[in-house]
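A short write-up of the structure that comes next.
Protein chains in written order, with this note's numbering: chain A, 23 to 137; chain B, 538 to 650.
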């Protein structure tokens, strides 16, 4: 299984602080993606990092990938109350016959940003 | 921004009945997926669909399940002879060419009584 496991399971911070979430996985990957899920809603894609990349930025998001340790981290800087959500890493397996890709999600980190 | 839409948002069904969950993927996407999330558990891959065929399915996706693209816009998941353990959130997703990310709908909460 390529399952990702996030750490911590829950994180509570004050608005303006940075939030760091970690993800570990077991097998080789094509790429790794981070998703966000607000309560009762679907998953929203945040950022994709390829297996040959080490770091990627998107706005207040910074993702790192260490393929030797099979781990990734998501940093949200200057957090806002609106960042309150669950965050999931997903390892990506390209479906070679038939195309598309299959996501394997981790257990998620529940982030709460308090005013 | 285009969205994946799913209907209904909540479906309550008696055990043993058949349900059809409906999805309208993003119009120019080529690949379609179903995932499920049992309460408190991980989001699990069920099936991927391309060019009117299943391209990959998980162990969960047994003969009880089927998918169909009945027209140019809808993508459905049929669950026959529902069981209590089928209760979950079911998410539809679609994507363009690799390695474009998958876009998810808000899900259908399926409750089997």
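Every residue gets a Cβ at the ideal spot worked out from N, C-alpha and C, and that includes glycine. Computed from a predicted model, the values in this text were never measured in an experiment.
By the 10 Å Cβ neighbour count, where 16 or more other Cβ atoms means buried, how is residue i classified, buried or exposed?
{"i": "residue 591 of chain B", "result": "exposed"}
{"i": "residue 650 of chain B", "result": "exposed"}
{"i": "residue 71 of chain A", "result": "buried"}
{"i": "residue 579 of chain B", "result": "buried"}
{"i": "residue 24 of chain A", "result": "At residue 24 of chain A, the pLDDT of 49 sits below 50, so the modelled position is not reliable; the number obtained from the coordinates is stated separately. With 16 or more Cβ atoms within 10 Å of its Cβ, residue 24 of chain A is classed as buried."}
{"i": "residue 28 of chain A", "result": "buried"}
{"i": "residue 638 of chain B", "result": "buried"}
{"i": "residue 552 of chain B", "result": "exposed"}
{"i": "residue 634 of chain B", "result": "exposed"}
Please tell me whether residue i has its Cβ less than 8 Å away from any Cβ of chain B.
{"i": "residue 122 of chain A", "result": "yes"}
{"i": "residue 24 of chain A", "result": "In this prediction, residue 24 of chain A scores a pLDDT of 49, lower than 50, which makes its location untrustworthy; the coordinate-derived value is nonetheless stated afterwards. So no, residue 24 of chain A is outside the interface."}
{"i": "residue 31 of chain A", "result": "no"}
{"i": "residue 67 of chain A", "result": "yes"}
{"i": "residue 38 of chain A", "result": "no"}
{"i": "residue 116 of chain A", "result": "yes"}
{"i": "residue 132 of chain A", "result": "no"}
{"i": "residue 81 of chain A", "result": "no"}
{"i": "residue 63 of chain A", "result": "yes"}
{"i": "residue 129 of chain A", "result": "yes"}
{"i": "residue 126 of chain A", "result": "yes"}
{"i": "residue 113 of chain A", "result": "no"}
{"i": "residue 89 of chain A", "result": "no"}
{"i": "residue 53 of chain A", "result": "yes"}
{"i": "residue 119 of chain A", "result": "yes"}
{"i": "residue 70 of chain A", "result": "yes"}
Over the uninterrupted beta strand (DSSP E) stretch that includes residue i, give me the two end residues.
{"i": "residue 599 of chain B", "result": "Counting along the chain, residue 599 of chain B falls outside any beta strand (DSSP E), and DSSP gives it neither H nor E."}
{"i": "residue 552 of chain B", "result": "Here residue 552 of chain B belongs to no beta strand (DSSP E), and DSSP marks it neither H nor E."}
{"i": "residue 623 of chain B", "result": "That residue, residue 623 of chain B, is in no beta strand (DSSP E); it is neither H nor E in DSSP."}
{"i": "residue 571 of chain B", "result": "568 to 574"}
{"i": "residue 563 of chain B", "result": "Neither: residue 563 of chain B is in no beta strand (DSSP E) and is coded neither H nor E."}
{"i": "residue 93 of chain A", "result": "93 to 98"}
{"i": "residue 102 of chain A", "result": "First-last for residue 102 of chain A: undefined, no H or E at that position."}
{"i": "residue 132 of chain A", "result": "131 to 136"}
{"i": "residue 85 of chain A", "result": "83 to 88"}
{"i": "residue 579 of chain B", "result": "From DSSP, residue 579 of chain B is part of no beta strand (DSSP E); its letter is neither H nor E."}
{"i": "residue 34 of chain A", "result": "32 to 36"}
{"i": "residue 80 of chain A", "result": "77 to 80"}
{"i": "residue 589 of chain B", "result": "Counting along the chain, residue 589 of chain B falls outside any beta strand (DSSP E), and DSSP gives it neither H nor E."}
On the DSSP bridge assignment, give the partners of residue i in chain order.
{"i": "residue 53 of chain A", "result": "A:72 and A:114"}
{"i": "residue 648 of chain B", "result": "B:549"}
{"i": "residue 27 of chain A", "result": "A:46"}
{"i": "residue 631 of chain B", "result": "B:569 and B:640"}
{"i": "residue 119 of chain A", "result": "Answer is none; residue 119 of chain A lacks a bridge partner."}
{"i": "residue 595 of chain B", "result": "Answer by DSSP bridge pairing: none, since residue 595 of chain B is not bridged."}
If residue i and residue j are in contact, beta carbons under 8 Å, what's the gap, nearest whole angstrom?
{"i": "residue 612 of chain B", "j": "residue 562 of chain B", "result": "6 Å"}
{"i": "residue 76 of chain A", "j": "residue 97 of chain A", "result": "The pair is not a contact, with the Cβ atoms about 14 Å apart (cut-off 8 Å)."}
{"i": "residue 132 of chain A", "j": "residue 93 of chain A", "result": "Wrong, their Cβ atoms sit about 20 Å apart, outside the cutoff."}
{"i": "residue 568 of chain B", "j": "residue 585 of chain B", "result": "6 Å"}
Does chain A have any CB closer than 8 Å to the CB of residue i?
{"i": "residue 639 of chain B", "result": "yes"}
{"i": "residue 545 of chain B", "result": "no"}
{"i": "residue 635 of chain B", "result": "yes"}
{"i": "residue 604 of chain B", "result": "no"}
{"i": "residue 608 of chain B", "result": "no"}
{"i": "residue 596 of chain B", "result": "no"}
Kindly examine the ligand NAP and report whether one of its heavy atoms sits closer than 7 Å to the Cβ of residue i.
{"i": "residue 43 of chain A", "result": "The model on display carries no ligand, and the ligand NAP is accordingly not part of it."}
Can you list the residues of chain E that residue i reaches, using a CB-CB cut of under 8 Å?
{"i": "residue 642 of chain B", "result": "The chain labelled as chain E is not found among the protein chains of the depicted structure, namely A and B."}
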